[in-house]
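First the structure, in the form of structure tokens, and then the observations on it.
Dropping the structure here:
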């Protein structure tokens, strides 16, 4: 029996392991007007405070909605919560719709993108100023790309099955080491996610207005596309930063990761220094370091712990270790009204479990450069049958199809165990379905999107067609987990919470920022 098979056998013995995965979703979507143009209206008042609402907020822009589910152990509950949030939101949009694609709808001018507003409290103004910095560093168009983030955790029973009884300190060290082993394997093989579920092989030409690109785009009217691309959202055109390419952040332990992250947030940037921090009495960014704050680090996966009030993400990790991981490489699924479907959740269950149970050697910076190259190949030409990938600097070179089939041998074993414990055959069915996509990449989401983009004679037409379908679906939906009363209560609570924060502030904004960033001088 291999080490992987032995570990799988251990965790499968306890039914609580597979029944208690923790899952949460964060889904982003742009509000848009009739005709497919970006909405320029403020965040709808009926949704409450974007600063405080636990389920409905904004990301970079007033028009970029973000929906957040609580942690759930049941897939149907998770998706029902997301459906309920979409339904309530749609009732408050006054005829505006939610854009069903990752790449933005038509934007006539970057200046019409209004930064998200969070009120007059110091922390609310800081959130908006952070976005001002992003705008000046990278431009607003890049920041309104939408994605889906998947938060995932294993129950303590998973770690106990692998390592036996441990005291609290030992278990937390084991969990952190285990999550970083998962993260390393995610970097090595996580390109499977954009291969299967990348859904942005095309974009509106307005997205690259005034920008140079060497990519060999073809066009359908005002739509640009790469014939074999999977996820332009994850490419250099999308949510990336060349300035961050100098950062050296390792994933071999929580200590190594935190050391790299703490160095990154203190690293000055000559390029960003040219912007200025406070010019003629007006702030332009929080600071001129490569990262203004930790959240600016672009990564396809992050180790996370729920923060306490006033705590920074790295402080939370230092305090208690890794609690869960955040998968950030999912495009919005345009064939789901809520941006993600059950098959995707089940595949992520399988893949993340496999990544945690498989051997995971330490990863040096040479190997990091190698996986970056693999991911870049897959996002730009992942549907090219026979595309070659190399795992590790001195590793084997195999085709994407050969690597994928190797992984699926063990993914299928995980699926069989999960179905045995949980009943049914849903996990094996997902494996069988996706195995069929490996040799037939046009069946993947990006293949479907490109075919439908051509059939609709452009991405804008496809987006508007799906948008018309989904607004009817959202409005016709009946609550399954929440209720109108619960949604309205959260709206009222969020407004009261924002007011309380604004009334409680005593520091000037200058003093607040000085106090917040005092740790940089430590």
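Numbering (full-length UniProt numbering), first residue to last: 1 to 522. Each residue gets a CB set at the ideal place from its N, CA and C atoms; glycine is no exception. Model, not experiment: these values are computed from the prediction.
Selected residue, minimal CA-CA separation from residue i, among the options
i, options, result
"residue 254", "499, 318, 328 and 114", "318"
"residue 215", "376, 19, 335 and 430", "376"
"residue 159", "171, 150 and 148", "171"
"residue 129", "380, 411, 288 and 426", "288"
"residue 438", "403, 467 and 423", "403"
"residue 113", "477, 131 and 173", "131"
"residue 34", "422, 490, 210 and 471", "471"
"residue 399", "405, 409, 387 and 393", "387"
"residue 77", "512, 516, 508 and 479", "479"
"residue 269", "210, 137 and 419", "137"
"residue 207", "6, 433 and 224", "224"
"residue 82", "452, 188, 152 and 69", "69"
"residue 466", "5, 47, 97 and 90", "97"
"residue 281", "510, 13, 2 and 44", "510"
"residue 406", "354, 379, 423 and 457", "354"
"residue 357", "58, 178, 17 and 14", "178"
"residue 210", "290, 292, 107 and 157", "107"
"residue 62", "140, 236, 492 and 456", "140"
"residue 247", "111, 52, 262 and 236", "262"
"residue 389", "40, 310, 44 and 191", "191"
"residue 234", "161, 264, 193 and 252", "193"
"residue 20", "156, 7 and 148", "156"
"residue 183", "143, 250 and 147", "250"
"residue 119", "514, 513 and 496", "496"
"residue 60", "93, 133 and 99", "133"
"residue 494", "46, 512, 30 and 154", "46"
"residue 378", "311, 111 and 226", "226"
Exposure of residue i, with buried meaning 16 or more beta-carbon neighbours within 10 Å
i, result
"residue 417", "buried"
"residue 185", "buried"
"residue 125", "buried"
"residue 219", "exposed"
"residue 503", "exposed"
"residue 74", "exposed"
"residue 365", "exposed"
"residue 427", "buried"
"residue 302", "buried"
"residue 500", "exposed"
"residue 80", "buried"
"residue 349", "buried"
"residue 362", "exposed"
"residue 135", "buried"
"residue 440", "exposed"
"residue 295", "exposed"
"residue 32", "buried"
"residue 370", "buried"
"residue 84", "buried"
"residue 122", "buried"
"residue 383", "buried"
"residue 423", "exposed"
"residue 508", "exposed"
Beta-carbon separation (whole angstroms), residue i vs residue j, contact threshold 8 Å
i, j, result
"residue 297", "residue 228", "No, residue 297 and residue 228 are not in contact; Cβ-Cβ is about 29 Å, not under 8 Å."
"residue 150", "residue 25", "6 Å"
"residue 284", "residue 276", "5 Å"
"residue 230", "residue 446", "4 Å"
"residue 199", "residue 449", "5 Å"
"residue 346", "residue 430", "5 Å"
"residue 331", "residue 433", "Contact flag wrong, Cβ pair sits at about 18 Å."
"residue 527", "residue 204", "Summary: the structure shown does not reach residue 527, with the chain confined to residues 1 through 522, and so no result is reported for it."
"residue 306", "residue 316", "7 Å"
"residue 338", "residue 27", "7 Å"
"residue 4", "residue 410", "6 Å"
"residue 50", "residue 116", "6 Å"
Identity of the residues DSSP links to residue i by a beta bridge
i, result
"residue 331", "147"
"residue 355", "Beta-bridge pairing links residue 355 to no other residue."
"residue 288", "Its beta-bridge partners do not exist; DSSP assigns none."
"residue 44", "Answer by DSSP bridge pairing: none, since residue 44 is not bridged."
"residue 294", "Residue 294 pairs with nothing; no bridge assigned."
"residue 309", "Residue 309 is not bridged to any residue."
"residue 24", "151"
"residue 31", "98"
"residue 278", "283"
"residue 220", "223"
"residue 67", "27 and 56"
"residue 397", "390"
"residue 268", "289"
| message | I'd like the ranges of any alpha helix (DSSP H) spanning at least 4 consecutive residues and lying wholly in the segment 425-508. | response | 426-438, 445-455, 459-476 and 484-504
Segments assigned beta strand (DSSP E), at least 3 residues, entirely inside the segment 147-214:
147-153 and 202-204
- Run through the segment 358-389 for me and flag every whole alpha helix (DSSP H) of 4 or more residues, listed as ranges in chain order. Uninterrupted alpha helix (DSSP H) stretches at least 4 residues long and entirely within the segment 358-389 occur at 365-381, given in chain order.
- Item | Ranges of the alpha helix (DSSP H) found wholly within the segment 111-143, counting only runs of at least 4 | 122-138 and 140-143
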